[in-house]
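Visitor:
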Amino acid sequence: MLPWNRGVPMGRAVTTPPTSLPQQERIILPLPRGETPLVRVGDPVSRGQRVADGNGDPLPIYAPVSGTVAALDTMELAAGGSCLALILQNDGLDTAADPLELPDDEDALWDSGVRLPGGRPLAQAVTQAAPGLDTLIVSAMDREPWHCTEDAALCLDADAVAAGLAFLNRQLHPRRTLLAVGAGQHQAAQAAAPLDCTVMTVPQRYPLAHPQLLAESLGRLPPGQPPQEGDVLVLPVSAVAAFGAALQGTPPIRQRVSVAWRRGHALIDAPMGAPLSAILEAAAAPDGPLLLGGPMTGSPLRHADGPLVPGITSLCVLPPRRHRNGTPCIRCGRCAAVCPMDRQPWLGIGHCLHCGACRYVCPAAGYTPSKEEVLL
Amino acid sequence: MNTAPYIHCGQSTALQMLDAAIALLPAAAGAVWFFGLRAAAMLLLAVAAAAATQFLWDRFTGRQELRTLTVLVTGLLSALLLPARAALWAAPLGAVIAVSVKVLTGGIGQNWWNPAALGRAALLPLLCPLALKDCQGTFLMAYLDGAIGEASTLLLLVGAAYLAMRHLLPWAVAVPYLCASFLTAAVLPHCDPMAVLCWGGTLLGACFLSADPVTTPMGLTFRVLYGVFTGAVSTVFSFYGWGMGGVVVATLAANTAFRAAETIAARLQNTAELEQV
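So the sequence lines, in the order shown, correspond to chains W and C.
Quick note: the first sequence uses the numbering used here, first residue -5, plus one each step.
Quick note: the second sequence uses the numbering used here, first residue 3, plus one each step.
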């Protein structure tokens, strides 16, 4: 048991290089937003080839492996639900297409196909914030305990981050560009030193890495207000790195996934569309209920065979735990003490970030995390 | 829990109550040392009576409050707040009243009044002459004539240090409480402020009666005001000879006033928020 007022223990360092996922025979590329396929069943594809064009938010999709298009079929997604998907048969030859060439204007953001964790296009966030941006904050802090994808993005892809950051600075002309690094992320701070931005150290405490809290603490956003358009823009460093790599010729066809459990974690470098079950196997994770995202705000993983899609950067294996009945609220006030928004949760008023810190420290909270209940 | 977050710090109501009971153990050991087997019998009888009462209420009303271990704290405090000269049945009777009133006013979390303080206050009519006789003169006179729990300030400090170590000591109440006691004693005629600070009753009120999260206010402002109010009033009561009785009466008055104020404040805040939307 940890002292409650230390909060949720944060920060697992990137200690080992990421493991590359072995070649997968079948790659599933879902088209959840009605993207138009540019290839037909039976067509050969090469790695990095543009295989679908966006419709609603016009982000293209690139083939992560070389091979043939095996089918265009409805497939189940990891988060639940299903949609039309391109299924590629990997030929194992890894034939590369021509390197991606992006225009030197705003269209590059759309053509790169980069999405933020959660699935929102990077281009959309940037274009909304573009006019009169005051502060651009790039966050190298992981949002959730146990995970280290953001830390890894800065430590391992510093070149790509530099390229992406240079482009964003050129396009957006922010008055200040800040890079938020957790107090314990020494390697990341070293990697950030040569970048064209001011490195700011933030205490490594959950949930201070939340974009809104970063915008408040570093961007001088008035507390309690959601970030206003055109004032402060907070971007995760992993998205900046992916965009930088696209500028250098590699579209976002691979993604690092942090698989974490109570006593360990692994960083897996996997192609988009690989089944999550293969990633879990490569991580040698223990058995247990699975989550998409982190243990504080994640959601149940419904189909472990679902494909890796942009936006999935972390998976969690929950510890097996016995059922515990809660007690009535004993009015200890810990929830208010840890609330980053200075709310009094028992009143149920004010703006809530849904960070879960209050429930984490609540001595009266009960839980029933049996495997069935989490999975169903 | 079936929704996020899926991890928990591991703290529970029962563990918290167990810690509060452990913090009372040095004072309980001191009571046995100073007052012998009689004190040991008072402590055991009080805890047993509290547990038995809670068990019966749980059976009767379908609650599950025995496993929150609040009875340990209630039982120990019920005995520690009584003088050694009290009749042997006084401690268990106080504990039974404490637990019963707690259950009847809504059970853990809902009760307005500190159970142990309420049990002790209910015994005041029975013990009043005794209490008055005991507590005349200076505060340090309380040493062996007062409640068995206040015998050694040093042992109470050890318990308070344990509470602080486990992050259970309500600093926002205890510090204002002690300051208010000191200042009130300084204002009162023929009263030594240092003696008030060194009196075990002050520490018992500041660190242990106020460490009950249920009956102390939740917000920081209310906590500080609660500490100031209780510290000042209990010092005045004790100065006029009520001894430990003064502390419990002050605690109960503060419980009532501040719970009511908190409820009203919450209503007002909710209304203001609704009007904004």
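We put the CB at the ideal spot given by N, CA and C, even for glycine.
Please read these numbers as outputs of a predicted model, since none were measured by experiment.
So, for residue 113 of chain W: in the same chain, excluding its five sequence neighbours on each side, which residues have a beta-carbon less than 8 Å away from its beta-carbon?
Guide: 303, 304, 305
Visitor: DSSP has residue 70 of chain W in a bridge; who is on the other side?
Guide: Answer is W:76.
Visitor: If we ignore side chains and look at the alpha-carbon of each, how far apart do residue 107 of chain W and residue 131 of chain W end up?
Guide: 21 Å
Visitor: What does a CB cutoff of less than 6 Å around residue 260 of chain W pick up in its chain, not counting 5 residues either side in sequence?
Guide: 253, 277
Visitor: Does DSSP classify residue 46 of chain W as helix, strand or coil?
Guide: Under the three-state reduction of DSSP output, residue 46 of chain W falls in the strand class.
Visitor: Kindly say whether residue 257 of chain C, judged by its beta-carbon, lies nearer than 8 Å to any beta-carbon of chain W.
Guide: Closer than 8 Å: no.
Visitor: Can residue 154 of chain C and residue 118 of chain C be called in contact, C-beta distance under 8 Å?
Guide: no
Visitor: Quick one: Cα of residue 88 of chain W to Cα of residue 61 of chain W, how far?
Guide: Between residue 88 of chain W and residue 61 of chain W, the C-alpha separation is close to 8 Å.
Visitor: Please check the pair residue 301 of chain W and residue 269 of chain W, which I expect to be a contact at CB under 8 Å, by giving their CB distance rounded to whole angstroms.
Guide: 6 Å
Visitor: Looking at the structure shown, is residue 143 of chain C part of a helix, part of a strand, or coil, going by DSSP?
Guide: Residue confidence is low: residue 143 of chain C scores 35 on pLDDT, short of 50, so the model does not pin down where it sits. Its coordinate-derived value is still stated next. Reduced to three states, the DSSP call for residue 143 of chain C is helix.
Visitor: Under a Cβ-count criterion, where at least 16 other Cβ atoms within 10 Å of its own Cβ denotes burial, should residue 195 of chain W be classed as buried or exposed?
Guide: Burial call: exposed.
Visitor: Would you say residue 10 of chain C faces chain D, with C-beta separation under 8 Å as the test?
Guide: The question asks about chain D, but that chain is absent: this structure's protein chains are W and C.
Visitor: Note down, in chain order, every chain W residue with its Cβ under 8 Å from the Cβ of residue 216 of chain C.
Guide: 324, 325
Visitor: Taking the straight line between their C-alpha atoms, what separation do you get for residue 292 of chain W and residue 251 of chain C?
Guide: Straight-line Cα distance between these residues: approximately 49 Å.
Visitor: Check whether the Cβ atoms of residue 115 of chain C and residue 211 of chain C lie closer than 8 Å to each other.
Guide: no
Visitor: Residue 64 of chain C versus chain W: which residues are under 7 Å apart at the beta carbon?
Guide: Correct list: empty, because the minimum Cβ distance to chain W is about 13 Å.
Visitor: Do you know how far the Cα of residue 62 of chain C is from the Cα of residue 313 of chain W?
Guide: 37 Å
Visitor: Beta-carbon within less than 8 Å of residue 208 of chain W's beta-carbon, same chain only, minus the 5 sequence neighbours each way: which residues are those?
Guide: 131, 133, 135, 174, 196, 202, 228
Visitor: Please list the segments of the alpha helix (DSSP H) lying wholly inside the segment 69 to 136 of chain C, counting only runs of 4 or more residues, in order along the chain.
Guide: 72 to 82, 92 to 106, 117 to 124, 126 to 136
Visitor: Report yes if the CB atom of residue 229 of chain C is closer than 8 Å to the CB atom of residue 179 of chain C, and no otherwise.
Guide: A contact, by the Cβ cut-off of 8 Å.
Visitor: Go ahead and pull the three-state DSSP assignment for residue 12 of chain C.
Guide: coil
Visitor: Among the candidates C:46, C:257, C:82, C:73, whose CA atom is the shortest distance from the CA of residue 20 of chain C?
Guide: C:73
Visitor: I'd like to know if residue 338 of chain W contacts chain C, where contact means its C-beta is closer than 8 Å to some C-beta of that chain.
Guide: yes
Visitor: Taking the straight line between their C-alpha atoms, what separation do you get for residue 220 of chain C and residue 127 of chain W?
Guide: Approximately 41 Å, taken between the alpha carbons.
Visitor: Pull up the distance between the alpha-carbon of residue 332 of chain W and that of residue 285 of chain W, whole angstroms please.
Guide: Rounded to the nearest whole angstrom, the C-alpha separation of residue 332 of chain W and residue 285 of chain W is 24 Å.
Visitor: Within the same chain, show all residues whose beta-carbon is closer than 8 Å to that of residue 166 of chain W, passing over the 5 residues directly before and after it, in chain order.
Guide: 120, 123, 124, 127, 130, 227
Visitor: When you compare only the Cα positions, how much space is there between residue 102 of chain C and residue 76 of chain C?
Guide: 11 Å
Visitor: Just to confirm, is the Cβ distance from residue 245 of chain W to residue 94 of chain W under 8 Å?
Guide: Their beta carbons are under 8 Å apart, which means residue 245 of chain W touches residue 94 of chain W by this criterion.
Visitor: Tell me residue 255 of chain W's beta-bridge partners as DSSP assigns them.
Guide: W:258
Visitor: Here's a check: name, in chain order, each residue in its chain whose Cβ is nearer than 7 Å to the Cβ of residue 9 of chain C, leaving out the five neighbours to either side.
Guide: Closer than 7 Å at Cβ, skipping near neighbours: no residue.
Visitor: Going by Cα to Cα distance, which pick from W:274, W:190, W:147 is closest to residue 179 of chain W?
Guide: For the options W:274, W:190, W:147, the alpha carbon positioned closest to that of residue 179 of chain W is the one of W:147.
Visitor: If contacts are defined as beta-carbon pairs under 8 Å, then residue 175 of chain C and residue 237 of chain C qualify, I think. What distance do you get, rounded to the angstrom?
Guide: About 15 Å separates the Cβ atoms of residue 175 of chain C and residue 237 of chain C, ruling out a contact at the 8 Å cut-off.
Visitor: Could you run through the segment 99 to 118 of chain C and flag, in chain order, every residue whose CB is less than 9 Å away from some CB of chain W?
Guide: 108, 109, 110, 111, 112
Visitor: Using only the heavy atoms of the ligand MN, determine whether one of them is closer than 7 Å to the beta carbon of residue 344 of chain W.
Guide: Summarising the ligand content, the structure contains no ligands, and the ligand MN is consequently not present.
Visitor: The alpha helix (DSSP H) spanning residue 312 of chain W covers which residue range?
Guide: Careful: residue 312 of chain W lies outside any alpha helix (DSSP H) and carries neither H nor E.
Visitor: Step through the CB atoms of chain C and report whether any lies within less than 8 Å of the CB of residue 290 of chain W.
Guide: yes
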